[in-house]
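Residues in the sequence shown are numbered from 1 upward in steps of one, following the numbering used here.
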Amino acid sequence: MNNLSIRTKFLILGIIAFVSLLSLALLSMNINQRGFANLHHVFTDFKKVQNLQSNYIEPLFMLRETMLTMVMSPNDDYKKRADQKLMPIFNKLETMIEQAPEPIAEQWIRYKELLLTTRSYALQSFDEGSFMNAVSAERDAFYTLIDSLKALQEDRLEASQSTFSNAEKNVIQSHYYLIAGFFLIAVISFLFDSVIVKQIVESIEKVQHGLQQFFSYLKNPAKTDEQVFIKLDHNDELGKMAQTINQHVASVQERLNQDRLLIQEATQTVNHLKEGKFGQRLSLSSNYHELNALKDVMNEMMDSLEQKIQEEIKQRSDQEKLLVQQSKLAAMGNMLGNIAHQWRQPISEINAILMEVEAVARYDTLSQEKLLTYIHTCCDVTEHMSNTIYDFQNFFQPSKNKESFSVMEACNNAISIINASLKYHNITLSYDYAAKDSLIIGYPNEFAHAVLNILSNAKDVLIERRVLEPSIRINIKTGKHFTIIRIEDNGGGIAPENIDRIFEPYFTTKHAKQGTGIGLYMTKAIIENNMQGYVNVENTDQGALFSIKLHLPL
């Protein structure tokens, strides 16, 4: 080393310093490139999240809203219009789901089946079935699919966070490389121990300090908003390099701050959307065209979404009011029709009593005792009519909870509702009950409705086919584990091609104004789904035989 000239020594030092500084510059550029790459990855992940929002979640909500509009439409024309709007959304989702992960596709298939079922119900005017399906099974499948998509969004956001964490690790690793380089330069500079070397060392230390500040800033940009600056005023190569680094660092810092604030604002806005909070808009800008384009798209999306939500709220409110009013009118009509059959005989009886009182008063002496007898008889009849209203109120009140109830009593309640109509049409009703009553656990009013549906169906068949001596027979038998209720008519039975479809929704052989095809379907649903029993039908020599099999409590 002593034989080397100072020029050579400085040349060696210069070469070493040059290599070291060049390495630092390349490392800085590499870190910048990695930072840009990581920002690109974060942006790409965010675009994936946005893709899930715009191509899956939003169309799903639109599909759901359109389906509810179709279900709540007051007539077939509105339903067809809603269906025309529904199917393009459905087909688009069907295409997009093909690119989704397998669990999402499986949940879509489940939801699609329920959706198409609801659509089929609505198009066939099965309003009760479409409404119940839309607010129960279809709704559950819809929110299960939405939850899965939101979970996928969370996973992709976590992937973005992981990318940022990897960037932090790379910065730390580069920091270690810088320290090693600076240490080597410090050792070599110490050997030369000269003013120039000391000046070089001081310059390098200043550059090092500035770069450390920059790397610290890259590790956590949100921690400080102060500008990173290398304080080096020399006119030598190091001074010029420091100026260049300061310019690049200032530019990078400014861009990172703008992008960080925009990403934070976008993330906060997305979180507000997930929580159902609207009204916030993105106001910041970025130096990247893609981020600005994304900001504009998000703002337009939120404007459109808010407008659609307000319109849908108003439309849904109007439809719900109309639906409630129509339901009340339909229920009132059914009840008045049944009460009319029940009151037909009592009113005739009161009319006969009044005619008899008039005849006695006109052609004979009307004693006080006889008048009181007539009055008591009329009071008994009116009390029976009042009890009829009370019975109808109790019968049409749905059972809220499962309870123990008498099978015979429930059957008698159903008979009391339809008995007047059967007598009016000269239909004989006979029943053979078991010697010992049986108690089961379930919903008594729903079970009575199921029995009433079968009786009503038998009555309609007997009237339609004009059977000479129409009759219905009810038989109840109780075994060790089951109670069996059999209801048989002499209406000639069910056509073989229809017997397997008799419990399908909307299936009816009646005229459109006489039947909806939901009575027996509801009977099967009540017995098998709500009470875990069994119901089936078969033809006999006389007509059709419906059998209901219920479990006895252990």
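No residue lacks a Cβ here, since even glycine has one placed at the ideal position from N, Cα and C.
For R473, the enclosing beta strand (DSSP E) stretches over residues S471 to T478. The straight-line gap separating the alpha-carbon atoms of E446 and I263 is approximately 56 Å.
Shown here for K549: same chain residues with a beta carbon closer than 7 Å to its own, the five before and five after excluded, namely F482, I484, G533 and Y534 in chain order. Boundaries of the beta strand (DSSP E) around S406: E403 to S406.
Remark: C-beta atoms of I476 and A448 do not approach each other more closely than 7 Å. Judged by beta-carbon spacing, A134 lies beyond the 7 Å limit of T117, meaning their Cβ atoms are not closer than that value.
Membership of T66 in the alpha helix (DSSP H) is indicated by the continuous run E58 to M72. Per DSSP, the continuous beta strand (DSSP E) segment holding F546 begins and ends at A544 to H551.
Linking E312 to Q247 through their CA atoms gives a straight-line distance of about 53 Å.
Taking all protein chains shown into account, E98 has fewer than 16 neighbouring C-beta atoms within 10 Å of its C-beta and is therefore exposed. Within the model, the alpha-carbon separation for N413 versus D541 is close to 29 Å.
Residue environment: G14 is assigned as exposed (fewer than 16 neighbouring CB atoms within 10 Å of its CB, all protein chains considered). Under DSSP, F482 forms a beta bridge with H551.
Y443: not part of any alpha helix (DSSP H); DSSP gives it neither H nor E.
According to the DSSP secondary-structure assignment, V535 is paired through a beta bridge with I548. Looking only at L439, E369, S120 and I89, the smallest Cα-Cα distance to D76 is reached by S120. Here T66 is buried, its C-beta having at least 16 other C-beta atoms within 10 Å.
Of the candidates T523, V537, E488 and R486, V537 places its Cα closest to the Cα of N498. By the beta-carbon neighbour count (other beta carbons within 10 angstroms, threshold 16), S304 is exposed. A straight-line Cα-Cα distance of about 13 Å links L149 and L93. By the neighbour-count definition (other C-beta atoms within 10 Å, threshold 16), T523 is a buried residue. Inter-residue distance for F90 and I146 is about 15 Å (C-alpha atoms, whole angstroms). Within the stretch 64-119, the runs of alpha helix (DSSP H) at least 4 residues long that lie entirely inside it are, in chain order, 76-97. Secondary structure at S125: coil, using DSSP grouped into helix, strand and coil. Take the alpha-carbon of V467 and the one of I350: they are about 32 Å apart.
Taking the Cα positions, R139 is about 28 Å away from I441. For L366, there is no enclosing beta strand (DSSP E), since its DSSP letter is neither H nor E. K206 places its beta carbon 7 Å or farther from that of I172.
Shown here for S471: same chain residues with a beta carbon closer than 6 Å to its own, the five before and five after excluded, namely T428 and N490 in chain order.
Counting only the Cα atoms, V19 lies some 31 Å from T163. Within the same chain, and ignoring the five residues on either side of S73 in sequence, the residues whose Cβ sits closer than 7 Å to its Cβ are K79 and A82.
Boundaries around L520 are those of the alpha helix (DSSP H), G519 to K524, since no beta strand (DSSP E) includes it.
With a threshold of 16 other beta carbon atoms within 10 Å, T508 meets it and is buried.
Taking F503 as the centre and dropping the five residues before and after it, the same chain places the C-beta of L520, Y521 and K524 closer than 7 Å to its C-beta, in chain order. Between R156 and K308, the C-beta gap is not smaller than 7 Å, which leaves the two residues out of contact.
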